Amino acid sequence: AGQFSKEVWSSINAGEKATVEVTNGEIGVTEVSFAVKDTTYGAWVKVEKVSNLPSSVKSYSKKTYKNIKITENNVKKALKGNVEIDFKVTKAWLSEQKLSKNNVAMFRYVDGKWTELKTTVGTDDGTYQHYTAETPGFRYFVIVQKEEAAPLTAEEIAAEEVVEETAAAAEEAGEVMAESESATWPWIVLILVVIAGIMVAYWL
Numbered sequence: 004a005g006q007f008s009k010e011v012w013s014s015i016n017a018g019e020k021a022t023v024e025v026t027n028g029e030i031g032v033t034e035v036s037f038a039v040k041d042t043t044y045g046a047w048v049k050v051e052k053v054s055n056l057p058s059s060v061k062s063y064s065k066k067t068y069k070n071i072k073i074t075e076n077n078v079k080k081a082l083k084g085n086v087e088i089d090f091k092v093t094k095a096w097l098s099e100q101k102l103s104k105n106n107v108a109m110f111r112y113v114d115g116k117w118t119e120l121k122t123t124v125g126t127d128d129g130t131y132q133h134y135t136a137e138t139p140g141f142r143y144f145v146i147v148q149k150e151e152a153a154p155l156t157a158e159e160i161a162a163e164e165v166v167e168e169t170a171a172a173a174e175e176a177g178e179v180m181a182e183s184e185s186a187t188w189p190w191i192v193l194i195l196v197v198i199a200g201i202m203v204a205y206w207l
């Protein structure tokens, strides 16, 4: 239960963007979105977590976070451009595997091999590192360590944590400064009004 999400549409109009939201963090994928060039009817897309890949699909050789299967009906032939897949990886897993956030990508199984998809690093919410991948089709996917990615050394992990903490501190300082400035302005306006009143009274 809860190991998949499925969205069904009676129709998707030409040029319209359709989205499947995945709320279960165990699946790895958070959202699948796409547009169609031609109106399509009776469409559906299903996103599910796969514990074990079928024998017809080769296992991925590097460190794997999640195996995912995305299937569809009446979508593939009507697709306009690529499908966007938003996914997330726990920062704890990255730390355990000694991987940088830039060392993760989504791969798609096509023509008997795993092909790396264009993967963009997104936001860090403190628990998860978010990403977006682009794919021309569906079926089997893996969230994994990139082919060329080498494990980080202890020094590199420490340096990355310092950079993230510094960025977070800078963002917090900026928010505090903005709040301080917004709180100061009313007093400045009040003082200027008082000065103006005194000058008018003196002139009169």
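Every number in the working numbering is 3 more than the matching position in the sequence shown, counting from 1.
Beta carbons: idealized from backbone N, C-alpha and C, even for Gly.
Computed from a predicted model, the values in this text were never measured in an experiment.
Three-state class that DSSP yields for residue i in the structure shown
i: N105; result: helix
i: T187; result: helix
i: A199; result: helix
i: A136; result: strand
i: E10; result: strand
i: I71; result: strand
i: N76; result: strand
i: V192; result: helix
i: Y131; result: strand
Identity of the residues DSSP links to residue i by a beta bridge
i: W37; result: According to the sequence shown, residue 37 is Phe rather than Trp. Bridge partners of F37: A21.
i: W117; result: Y112
i: I15; result: T43
Integer Cβ distance of residue i from residue j, believed to fall under 8 Å
i: W47; j: K9; result: 6 Å
i: V107; j: Q148; result: 7 Å
i: N85; j: T42; result: Incorrect: roughly 20 Å between the Cβ atoms, too far for contact.
Endpoints, alpha helix (DSSP H) assigned at residue i
i: A95; result: 94-99
The beta strand (DSSP E) enclosing residue i, as first and last residue numbers
i: I146; result: 142-148
i: T43; result: 43-52
Inter-stretch contact (C-beta, 8 Å, three-pair minimum) for the region 51-61 and the region 128-138: Touching, no.
Given 8 Å, three or more beta-carbon pairs between the region 69-85 and the region 124-131: no
Validate contact between the region 85-94 and the region 13-32 using beta carbons, cut 8 Å, 3 pairs: Yes, they touch.
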